[in-house]
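Residue numbers (the working numbering): 23 to 268.
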Amino acid sequence: MRYFIKLAYNGTNYHGWQSQPNASSVQETLEKALSLLLKSKIEIVGAGRTDTGVHAKEMYAHFDYPEPLDAAFWITKLNSYLPKDIVIYAIIPVADEAHARFDASSRTYQYHINTFKNAFSFEQSWYHHYPLDLSKMNEAALILMEYTDFECFSKANTDVITFNCKITQAFWQQNGNQVVFTITADRFLRNMVRAIVGTMINIGKEKIAVAHLRKIIESKNRNEAGFSVPAHGLYLTHIAYPFLHE
Numbered sequence: 023m024r025y026f027i028k029l030a031y032n033g034t035n036y037h038g039w040q041s042q043p044n045a046s047s048v049q050e051t052l053e054k055a056l057s058l059l060l061k062s063k064i065e066i067v068g069a070g071r072t073d074t075g076v077h078a079k080e081m082y083a084h085f086d087y088p089e090p091l092d093a094a095f096w097i098t099k100l101n102s103y104l105p106k107d108i109v110i111y112a113i114i115p116v117a118d119e120a121h122a123r124f125d126a127s128s129r130t131y132q133y134h135i136n137t138f139k140n141a142f143s144f145e146q147s148w149y150h151h152y153p154l155d156l157s158k159m160n161e162a163a164l165i166l167m168e169y170t171d172f173e174c175f176s177k178a179n180t181d182v183i184t185f186n187c188k189i190t191q192a193f194w195q196q197n198g199n200q201v202v203f204t205i206t207a208d209r210f211l212r213n214m215v216r217a218i219v220g221t222m223i224n225i226g227k228e229k230i231a232v233a234h235l236r237k238i239i240e241s242k243n244r245n246e247a248g249f250s251v252p253a254h255g256l257y258l259t260h261i262a263y264p265f266l267h268e
């Protein structure tokens, strides 16, 4: 039987989602917990890969197990065993062919910025005190939806077949001292959101004009885009599947 796990994690203490040699990852931590508690070697497949230090308010992964599982019991059991920065919300039986990565129809990320120093959220948001013109940044966000090729925001030496992504929403909001960028697309390239945010910070600080964003995107050159903002302000917040209605 195949099961989806809905989980969240604080990425501060992990070298990203994916298992890797000599580094702690969320995937490895979860696989070890499942394998120990279910007394069987369990391998999980995540909906995507978050980089070192990136957080997830909503992540999905799937695994196979030959027997029916009592979801409520195993959610409690896993949460008791897992470290405090990983939490399981749901264990959902799905069709055998369901796939956490390939069946996702969209993913949403948020980037959190504090404009005033905050002693309690310095690991969960980026402190950036310089004034930002959010109206210009929202103009730029609308431009993103005119394009599909985002090679200019992709990490170099990546092994993707295509740089095409369909962005369906992108906008900035401010609530007091907190500024949040929200973006949804069918897929994302490595480092894409952090590079977009860095480029828009330059627009908000009036270092570059809003219209220049088109030239950056059309250049397909990472060197033309802005800096990558720090990982600790980035959150994966939602993953949509056509067969899950929660």
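Note that CB positions come from ideal geometry on N, CA and C, so glycine has one too.
Distance check for residue j and residue i, CA to CA, integer angstroms please.
i: Ala120; j: His234; result: 42 Å
i: Tyr263; j: Thr34; result: 27 Å
i: Asn179; j: Ile230; result: 27 Å
i: Tyr25; j: Pro105; result: 21 Å
i: Ala78; j: Ala126; result: 15 Å
i: Trp194; j: Thr259; result: 15 Å
i: Lys158; j: Ser143; result: 26 Å
i: Arg244; j: Asp92; result: 48 Å
i: Lys63; j: Ala83; result: 16 Å
i: Tyr36; j: Leu156; result: 32 Å
i: Thr89; j: Leu60; result: Correcting the residue identity first, residue 89 is Glu in this sequence and not Thr. Spanning the two alpha carbons is a distance of roughly 10 Å.
Could you spell out where the alpha helix (DSSP H) holding residue i opens and where it closes?
i: Tyr103; result: Ala93 to Tyr103
i: Lys54; result: Val48 to Leu60
i: Asn179; result: Element bounds for Asn179: n/a, residue is neither H nor E.
i: Ala162; result: Leu156 to Leu166
Can you say whether residue i is buried or exposed, counting buried as having 16 or more other CB atoms within 10 angstroms of its CB?
i: Tyr152; result: exposed
i: Arg129; result: buried
i: Gln49; result: buried
i: Val232; result: buried
i: Arg216; result: buried
i: Ile183; result: exposed
i: Ser176; result: buried
Assuming the contact rule is C-beta atoms closer than 8 Å, residue i and residue j should be a hit. Round their C-beta distance to whole Å, please.
i: Lys227; j: Ile114; result: That belief does not hold up - the Cβ atoms of Lys227 and Ile114 are roughly 44 Å apart, past 8 Å.
i: Glu246; j: Cys174; result: 6 Å
i: Val109; j: Ala30; result: 5 Å
i: Ala192; j: Thr74; result: Not a contact, Cβ separation roughly 24 Å.
Got a sec, what are the start and stop residues for the beta strand (DSSP E) residue i sits in?
i: Arg129; result: Ser128 to Asn136
i: His254; result: Per DSSP, His254 belongs to no beta strand (DSSP E) and is neither H nor E.
i: Lys79; result: His77 to Asp86
i: Ile114; result: Ile108 to Val116
i: Val202; result: Gln200 to Ala207
i: Arg24; result: Arg24 to Tyr31
Give a yes or no on whether the C-beta atoms belonging to residue i and residue j are separated by under 8 Å.
i: Asn199; j: Phe138; result: yes
i: Tyr133; j: Val219; result: yes
i: Ser147; j: Ile135; result: yes
i: Phe85; j: Ile66; result: yes
i: Phe239; j: Phe185; result: A quick correction: the sequence has Ile, not Phe, at residue 239. Result no, Cβ atoms of Ile239 and Phe185 do not sit closer than 8 Å.
i: Asn32; j: Asp107; result: yes
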